[in-house]
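Here this note's numbering is used: the first residue of the sequence shown is 5, the next is one more, and so on. Single-structure report; data block below.
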Amino acid sequence: MKFLSKNTNSEILSTNLKYKENAFENNRNLREKLIAEQKNFCAYTEKYLEELDSPEVEHFNSQKKYNDDYYNYYVAIRKANLYKKDEKYKNASFFTSLFFQDENEFKKRIRFADGIYYETNKKDIEAKELIDFLGFNNSELFSQRKRHSERLTKLFKAAQFNNENIIDYFKNHKQELSFITVLEYELQMNLSQLL
5 MKFLSKNTNS
15 EILSTNLKYK
25 ENAFENNRNL
35 REKLIAEQKN
45 FCAYTEKYLE
55 ELDSPEVEHF
65 NSQKKYNDDY
75 YNYYVAIRKA
85 NLYKKDEKYK
95 NASFFTSLFF
105 QDENEFKKRI
115 RFADGIYYET
125 NKKDIEAKEL
135 IDFLGFNNSE
145 LFSQRKRHSE
155 RLTKLFKAAQ
165 FNNENIIDYF
175 KNHKQELSFI
185 TVLEYELQMN
195 LSQLL
């Protein structure tokens, strides 16, 4: 998941911008800055954000709402928030370690293959719980990722695209980079450069 890492040079941090109760303009500003940092992608699903998706500021640890900061804020589509299992994991260690906010650490501990996210070490309960907490392998999300990947793979094959053609396609259709982790796996290409 490319949009869970945090930027220590974030403008949100330097201006101490916080989510506030009944502060629409402030919270809209925070949401727009998070969307820009996340390159217009949902942090939890990797879907390209459309207005119909109702992107909103999501409090990763909902127990901290109104008493949190940048490291607890993400923009996610409303439906992705329904995949979260807040109550089951309210005391989980990943809330403290925040290992997933470091992209390299995340890549070491969680991988994607054959349609699912999994922990690289079966003894890594923290990684397994994060996958379950955020619903990375939710059946509806699994199906959406699969359909998207299969559609693009067929398109590229029918058009006889080489890697350069594929890169050009994504440059012109950024929204098609939804589920980028899946696309990178299926196409065996690094697409991060396009974000």
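Where is the CB? At the ideal position from N, CA and C, for every residue including glycine. Note that this is a predicted model, so its numbers are computed, not measured.
Check: Whether residue 107 touches residue 14 by CB criterion (7 Å); Outcome: no
Check: Burial state of residue 194 (16 or more Cβ within 10 Å); Outcome: exposed
Check: Local Cβ density within 10 Å of residue 11, reported as buried at 16 or more and exposed below that; Outcome: exposed
Check: Three-state secondary structure assigned by DSSP to residue 60; Outcome: strand
Check: Presumed contact (8 Å Cβ cut-off) between residue 198 and residue 181, rounded CB distance; Outcome: 6 Å
Check: Terminal residues of the beta strand (DSSP E) in which residue 201 lies; Outcome: Not covered by the structure: residue 201. The range shown for the chain is 5 to 199.
Check: Cβ-based neighbour list, residue 4, same chain, cut-off 6 Å, excluding 5 preceding and 5 following; Outcome: Past the edges of the chain, shown from 5 to 199, lies residue 4, and the structure says nothing about it.
Check: Alpha carbon of residue 105 to alpha carbon of residue 142, nearest angstrom; Outcome: 21 Å
Check: Beta-carbon proximity check, residue 115 vs residue 128, cutoff 7 Å; Outcome: no
Check: Segments of 3+ residues assigned as beta strand (DSSP E) that fall wholly inside the region 28-75; Outcome: 59-63
Check: Integer Cβ distance of residue 66 from residue 90, believed to fall under 8 Å; Outcome: 5 Å
Check: Whole-number beta carbon distance between residue 79 and residue 39, since they are thought to touch under 8 Å; Outcome: 5 Å
Check: Three-state secondary structure (DSSP) of residue 123; Outcome: strand
Check: Under the three-state DSSP convention, the category residue 80 falls into; Outcome: strand
Check: Residue 98 versus residue 131 - alpha carbon distance; Outcome: 8 Å
Check: Minimum C-alpha distance to residue 83 - residue among 74, 139, 30; Outcome: 139
Check: Close beta carbons around residue 88, own chain, < 7 Å, minus the five adjacent residues each side; Outcome: 137, 138, 139
Check: Beta-carbon proximity check, residue 171 vs residue 160, cutoff 7 Å; Outcome: no
Check: Beta-carbon spacing of residue 77, residue 25 below 7 Å; Outcome: no
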